[in-house]
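Enquirer: Handing you a structure now.
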Amino acid sequence: MAVAPNMRSSWPRVWAGIAGAAGAAVLLLVLVFGLHRDPGAIPSPLIGRQAPEFVLPLFDGGTLATPALRGRVVVVNFWASWCVPACYEEAPHLQRIWDRYRDRGLTVVGVNIQDQDRLARDFIARFGLTFPNGVDRLGTISIDYGVYGVPETFLVDRKGRIVHKYAGAVTEEMLVSEIEPLLADADGASP
Amino acid sequence: MAHRHNDRAWRTGVALLIAVTLLAAGIAAAKDPEARAQAIAAQLRCPVCQNESVADSPSELAAQMRTLIRAKVAAGETDQQIVDYFVSKYGEWILLEPPRRGPLWIVWLAPAVALLGGAYLAFAYLRRSMVGREVGTLKR
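Those protein sequence lines, which keep their order, are chains A and B.
Sequential numbering of the first sequence, starting at 660, is according to our numbering.
Sequential numbering of the second sequence, starting at 1307, is according to our numbering.
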């Protein structure tokens, strides 16, 4: 007689237990997923979009306006002299990319941000950088590219679209594997 | 006659109230540019900081962002246009508060759901223990 009501009332409790356990498992999965993500990796919404245009005052005088580079593959590199060691590591690689591809339709552009003029010039002299390099004094170019640290490097195809963003030091090898197919696409008629 | 007089006074009062409210709203909407820039900066996450807003961060990038926000305010852009600009460059990551839509509602609703669930459990537990005590009293 006393058994029947007990059984009836224990079922909701079992379901509540199952629901609670399932909820806890889902929460745990979310937390584990969060632990395995790199909080420093911010995905750029700019990939696949037109690269923002800019006019850059160059260290060696004159200016560079990006619309003039349309039809060329462009490597836009944001850097600073205080960015140690990543900017120091990648500078020779960027120079080699420039030497290797400048006659095949590629331009490397250095954009110096949050820096001091003298220190920036010392950096350029130290690595003998010969590609166009200029300063983004107000930070408007870097914000337009969604830059959150240095170095960051954007690869722009012949049509002016951003195809890749690198956060951290780039190497010649990394860039070559992406650049070759973009240059092979001679008429810029990629889909 | 007196009634009609009262009615007119009442209507005048309401009209006056509406006028004052509209005026106050107008003043609030046209609040000074620096306050607007500050409010926008407070909504944005500083990209080089840990959970700090663009308004609070002493970093150079945040300072440049504040300068840019002021320039955009001065150029006549709306608050929404300026926030949308930063979202288009940095993604929704830049918003300190997740937008209230789609699956993101979870983060807004989860605390309330947890609170209600906890309250229900506490209530159920208390009721059960009280019923148990009453039954015990009856038995004795």
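Note that CB positions come from ideal geometry on N, CA and C, so glycine has one too.
According to the neighbour-count rule (16 or more other Cβ atoms, all chains shown, within 10 Å of its Cβ), is R1342 (chain B) buried or exposed?
Expert: Counting from one through the second sequence, the residue named residue 1342 (chain B) turns up at place 36. Burial call: buried.
Enquirer: Would you tell me roughly how many angstroms separate the C-alpha atoms of A1380 (chain B) and L1374 (chain B), rounded to the nearest one?
Expert: As a working note, residue 1380 (chain B) is residue 74 in the second sequence. As a working note, residue 1374 (chain B) is residue 68 in the second sequence. Cα to Cα, A1380 (chain B) sits roughly 10 Å from L1374 (chain B).
Enquirer: As an exercise, report each continuous beta strand (DSSP E) stretch of at least 3 residues that is fully enclosed by the region 678–746 of chain A, in chain order.
Expert: If we require 3 residues or more, the beta strand (DSSP E) runs fully inside the region 678–746 of chain A come out as 714–716, 722–724 and 732–738.
Enquirer: Would you report the Cα separation of K818 (chain A) and L842 (chain A), rounded to the nearest angstrom?
Expert: Walking along the first sequence from the start, residue 818 (chain A) turns up at place 159. Walking along the first sequence from the start, residue 842 (chain A) turns up at place 183. Going from the Cα of K818 (chain A) to the Cα of L842 (chain A) covers about 12 Å.
Enquirer: Taking just the CA atoms, how far does E1403 (chain B) sit from L686 (chain A)?
Expert: Within the first sequence, numbered from 1, the residue matching residue 686 (chain A) stands at position 27. Within the second sequence, numbered from 1, the residue matching residue 1403 (chain B) stands at position 97. Approximately 21 Å, taken between the alpha carbons.
Enquirer: Hey, could you find the ends of the alpha helix (DSSP H) I821 (chain A) is sitting in?
Expert: If you number the first sequence from 1, residue 821 (chain A) lands on position 162. Not the alpha helix (DSSP H): I821 (chain A) falls in the beta strand (DSSP E), residues I821 to A826.
Enquirer: Cα separation between F813 (chain A) and Y825 (chain A)?
Expert: As a working note, residue 813 (chain A) is residue 154 in the first sequence. As a working note, residue 825 (chain A) is residue 166 in the first sequence. Going by the C-alpha atoms only, they are around 6 Å apart.
Enquirer: Starting from D795 (chain A), follow the beta strand (DSSP E) in both directions and report where the run begins and ends.
Expert: As a working mapping, residue 795 (chain A) is identified with position 136 in the first sequence. Where D795 (chain A) is concerned, the enclosing beta strand (DSSP E) stretches over N792 to D795.
Enquirer: Residue range of the alpha helix (DSSP H) that I783 (chain A) falls in?
Expert: As a working note, residue 783 (chain A) is residue 124 in the first sequence. Note, I783 (chain A): alpha helix (DSSP H), D776 to F786.
Enquirer: Beta carbon of A745 (chain A), beta carbon of P810 (chain A): below 9 Å?
Expert: Within the first sequence, the letter at position 86 stands for residue 745 (chain A). Within the first sequence, the letter at position 151 stands for residue 810 (chain A). A contact, by the Cβ cut-off of 9 Å.
Enquirer: Taking only beta-carbon atoms, is G1319 (chain B) less than 9 Å away from chain A?
Expert: For this step, residue 1319 (chain B) is matched to residue 13 along the second sequence. No, G1319 (chain B) lies away from the interface with chain A (no Cβ there is under 9 Å from its Cβ).
Enquirer: Please tell me whether I838 (chain A) and L765 (chain A) are closer than 9 Å, where the distance is taken between their beta carbons.
Expert: On the first sequence, position 179 is the one that residue 838 (chain A) refers to. On the first sequence, position 106 is the one that residue 765 (chain A) refers to. In contact: I838 (chain A) and L765 (chain A) (Cβ atoms closer than 9 Å).
Enquirer: Under the three-state reduction of DSSP, which class applies to A663 (chain A): helix, strand or coil?
Expert: Indexing the first sequence from 1 puts residue 663 (chain A) at position 4. Note that A663 (chain A) scores a pLDDT of 49, beneath 50, so its modelled location is shaky and nothing firm can be said.
Enquirer: Taking CB distances under 9 Å as the criterion, tell me whether M1436 (chain B) reaches chain A.
Expert: Counting from one through the second sequence, the residue named residue 1436 (chain B) turns up at place 130. Output row for M1436 (chain B): interface = no.
Enquirer: Would you say L797 (chain A) reaches chain B, if we count a Cβ-Cβ gap shorter than 9 Å as a contact?
Expert: Locating residue 797 (chain A) in the first sequence gives position 138, where the first residue counts as 1. For L797 (chain A), the answer is yes, since a Cβ of chain B falls inside 9 Å of its Cβ.
Enquirer: Run through chain B and tell me which residues come within less than 8 Å of G808 (chain A), C-beta to C-beta.
Expert: Position 149 of the first sequence holds residue 808 (chain A). The contacting residues are P1353 and V1354.
Enquirer: Could you tell me how far apart the beta carbons of D795 (chain A) and V732 (chain A) are, in whole angstroms, since I believe they sit closer than 8 Å?
Expert: Reading the first sequence from its first residue, position 136 is the one you call residue 795 (chain A). Reading the first sequence from its first residue, position 73 is the one you call residue 732 (chain A). Not really, about 21 Å apart at Cβ, beyond 8 Å.
Enquirer: For T1327 (chain B), which three-state DSSP category applies?
Expert: For the purposes of this step, residue 1327 (chain B) is identified with residue 21 of the second sequence, where counting begins at 1. Three-state DSSP puts T1327 (chain B) in a helix.
Enquirer: For the 8 Å Cβ check, are there 3 or more pairs between the region 750–758 of chain A and the region 773–780 of chain A?
Expert: No contact exists between the region 750–758 of chain A and the region 773–780 of chain A.
Enquirer: Note the first and the last residue of the continuous beta strand (DSSP E) segment covering I1400 (chain B).
Expert: Residue mapping note: residue 1400 (chain B) aligns to position 94 of the second sequence, counting from 1. Counting along the chain, I1400 (chain B) falls outside any beta strand (DSSP E), and DSSP gives it neither H nor E.
Enquirer: Is it buried or exposed for P671 (chain A), if we count other Cβ within 10 angstroms and need 16 for buried?
Expert: Residue mapping note: residue 671 (chain A) aligns to position 12 of the first sequence, counting from 1. It counts as exposed.
Enquirer: Tell me whether R817 (chain A) sits in a helix, a strand or coil according to DSSP, three-state version.
Expert: Working through the first sequence from its first residue, we reach residue 817 (chain A) at position 158. In this structure, R817 (chain A) counts as coil in the three-state DSSP scheme.
Enquirer: Mapping the DSSP letters down to three states, classify R1351 (chain B) as helix, strand or coil.
Expert: Locating residue 1351 (chain B) in the second sequence gives position 45, counting from the first residue. Residue state, collapsed to three classes: strand.
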